[in-house]
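Novice: Positions in the sequence shown are counted from 1; adding 53 to them yields my numbering.
One structure follows; several queries about it will come next.
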Amino acid sequence: MAVIRVGLIGLGPVTSEGYRPGEWGIQHMDAINNSPHFELVAVANSSAASAQRSIDAHKLPATVKAYGSAQDIAADPNVDLVSVVVNIDRHYELVKPAIVAKKNVLVEFPFMPTVEQTEELIELANANGVKVFVAAQARADPAVLKFKEILASKVLGEIVQSQFTAQNAMGTPPMWPESTKGFFDINAGISRVNILLGHPLDAFVSVLGGLRSVQSIFKTQVKTTNLIDNAGDVSEPDHQITAPDNFAVQGVLSSGATAAFSVRTCPLPADGVGFRWVITGTEGEVTFTASPGVFQMNPPDAKITLRKGVADAEEMNFLQKEEDYYVNMGPMGVNTLRFYEAVAKGEKDAYSTIEQTLETEKIMREIKKAATIV
Numbered sequence: 054m055a056v057i058r059v060g061l062i063g064l065g066p067v068t069s070e071g072y073r074p075g076e077w078g079i080q081h082m083d084a085i086n087n088s089p090h091f092e093l094v095a096v097a098n099s100s101a102a103s104a105q106r107s108i109d110a111h112k113l114p115a116t117v118k119a120y121g122s123a124q125d126i127a128a129d130p131n132v133d134l135v136s137v138v139v140n141i142d143r144h145y146e147l148v149k150p151a152i153v154a155k156k157n158v159l160v161e162f163p164f165m166p167t168v169e170q171t172e173e174l175i176e177l178a179n180a181n182g183v184k185v186f187v188a189a190q191a192r193a194d195p196a197v198l199k200f201k202e203i204l205a206s207k208v209l210g211e212i213v214q215s216q217f218t219a220q221n222a223m224g225t226p227p228m229w230p231e232s233t234k235g236f237f238d239i240n241a242g243i244s245r246v247n248i249l250l251g252h253p254l255d256a257f258v259s260v261l262g263g264l265r266s267v268q269s270i271f272k273t274q275v276k277t278t279n280l281i282d283n284a285g286d287v288s289e290p291d292h293q294i295t296a297p298d299n300f301a302v303q304g305v306l307s308s309g310a311t312a313a314f315s316v317r318t319c320p321l322p323a324d325g326v327g328f329r330w331v332i333t334g335t336e337g338e339v340t341f342t343a344s345p346g347v348f349q350m351n352p353p354d355a356k357i358t359l360r361k362g363v364a365d366a367e368e369m370n371f372l373q374k375e376e377d378y379y380v381n382m383g384p385m386g387v388n389t390l391r392f393y394e395a396v397a398k399g400e401k402d403a404y405s406t407i408e409q410t411l412e413t414e415k416i417m418r419e420i421k422k423a424a425t426i427v
């Protein structure tokens with residue numbers, strides 16, 4: 054296959070102890086550079102000078118071009134795919150020029166702040182004949198793909214119920230970077246509702262289908278934190294938090310099965326299980342468990358157990374044979390590489406299209422609308 058030439062929007066020069074905007078782009082850069090199917094040919098930041106600093110800091114080839122706008126990088130004839138890896142609040146203004154320039158686009162999840170923006174970009178992408186891929190990394194996780202395979206085999210019979218529970222490993226610390234204060238704002242695109250609930254919910258929907266009705270409860274147990282600037286000094290003490298740190302959602306799937314979904318915040322789970330996902334059918338049951346971590350970032354000690362009827366339970370092997378270059382990615386970024394590889398190979402089960410993302414966004418909108426806040 055032809056190598057896909059990538060223009061990356063949003064690349065920080067370093068990885069700092071406290072996350073700063075642009076640093077998640079480093080995971081995308083590493084995925085692109087490790088894959089033989091992609092070539093990084095351009096970087097765009099807030100200015101061409103900023104992009105050049107990042108190019109120099111990562112010792113990228115001198116042929117990698119530096120740009121200061123989405124329009125400029127999209128206009129580069131040597132760019133086949135534009136990857137947008139910045140704060141969600143800027144996704145719309147950066148994605149739209151690439152679509153207009155008839156470039157395929159890869160965008161971090163969450164995709165857009167509003168459903169209406171996503172619907173507009175779907176129409177624009179269709180009109181321009183381009184593809185938009187949304188990097189909901191959990192869809193590329195081997196365990197999630199194994200769940201899909203198990204359900205497709207019909208070994209569980211008719212699905213009657215599914216439960217997902219998670220321990221939130223990203224509690225509210227006493228200090229937080231002001232650059233990402235939207236994490237604690239329920240109405241912000243980068244709100245932890247969209248991150249902590251959205252990523253696993255998208256995987257849930259990719260396996261089981263959508264929800265036709267929902268009820269939800271949101272609770273915020275820690276209500277303030279201190280915002281700090283890049284120097285580590287407090288810039289806003291007692292910043293008010295509106296985004297919940299505990300979520301409970303239940304509803305009915307499009308298939309008619311019932312669903313329950315919860316995320317709780319605590320220092321560590323009593324049983325050491327950070328994630329537990331159970332799918333129950335008329336002929337059997339399957340469970341996924343993993344230690345605490347971030348669901349879409351390859352959580353440790355993942356295990357899938359299947360029981361057919363009353364037979365002995367069996368642990369399922371879901372690990373895929375992967376190329377040697379996968380070992381160059383750390384656990385945080387390996388699903389990002391898997392996502393890129395799926396895009397290159399056309400493995401549709403392992404990535405999210407803009408239309409599939411719209412379905413998740415609509416469910417998230419209904420969950421927020423239906424929420425009882427305590």
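For every residue, glycine included, the Cβ atom is placed at its ideal position computed from N, Cα and C.
1) Leaving aside the five residues before and after residue 308 along the sequence, list all residues of the same chain whose C-beta is less than 8 angstroms from its C-beta, in chain order.
2) So, is residue 244 buried or exposed, given that buried needs 16 or more other C-beta atoms within 10 angstroms?
3) Would the beta-carbon of residue 407 fall within 8 angstroms of that of residue 64?
4) Got a sec? Which residues, its chain only, sit under 6 angstroms from residue 98 by beta carbon, not counting five neighbours each side?
5) In its own chain, which residues sit with a C-beta less than 7 angstroms from the C-beta of residue 386, not counting the 5 before and 5 after it?
6) Could you compute how far the alpha carbon of residue 119 sits from the alpha carbon of residue 370?
7) What span of residues does the alpha helix (DSSP H) with residue 423 cover, start to end?
8) When DSSP builds the beta bridges, which residues end up paired with residue 173?
9) Are residue 274 and residue 218 closer than 8 angstroms when you measure CB to CB?
10) Tell me whether the beta-carbon of residue 137 lies closer than 8 angstroms to the beta-carbon of residue 161.
11) Note down, in chain order, each residue of its chain lying with its Cβ closer than 7 angstroms to the Cβ of residue 128, except the 5 sequence neighbours on either side.
12) Taking C-beta to C-beta, are residue 388 and residue 350 nearer than 8 angstroms?
13) Please determine if the stretch 277 to 287 and the stretch 229 to 244 are in contact, where contact requires at least 3 C-beta pairs separated by less than 8 angstroms.
14) Measuring straight from C-alpha to C-alpha, what distance separates residue 76 and residue 363?
15) Sorted by chain position, which residues of the same chain lie with C-beta nearer than 7 angstroms to residue 163's C-beta, five sequence neighbours on each side aside?
16) How do the stretch 196 to 209 and the stretch 319 to 336 stand: do at least 3 beta-carbon pairs fall below 8 angstroms, yes or no?
17) Would you kindly work out how many angstroms separate the C-alpha atoms of residue 240 and residue 93, rounded to a whole number?
18) Under the three-state reduction of DSSP, which class applies to residue 404: helix, strand or coil?
19) Going straight from the alpha carbon of residue 144 to that of residue 165, what length do you get?
20) Check residue 252 in the structure and name its three-state DSSP category.
21) Does the pairing of the stretch 292 to 304 with the stretch 263 to 273 give three or more beta-carbon distances under 8 angstroms?
22) Tell me where the alpha helix (DSSP H) around residue 186 begins and ends.
Specialist: Put simply:
1) 212, 261 and 262
2) buried
3) no
4) 104
5) 80, 83 and 84
6) 44 angstroms
7) 407 to 423
8) In DSSP, residue 173 forms no bridge with anything.
9) no
10) yes
11) 154
12) yes
13) yes
14) 49 angstroms
15) 141, 242, 247 and 251
16) yes
17) 34 angstroms
18) coil
19) 6 angstroms
20) helix
21) yes
22) Premise fails: residue 186 lies in the beta strand (DSSP E), 185 to 188, not in any alpha helix (DSSP H).
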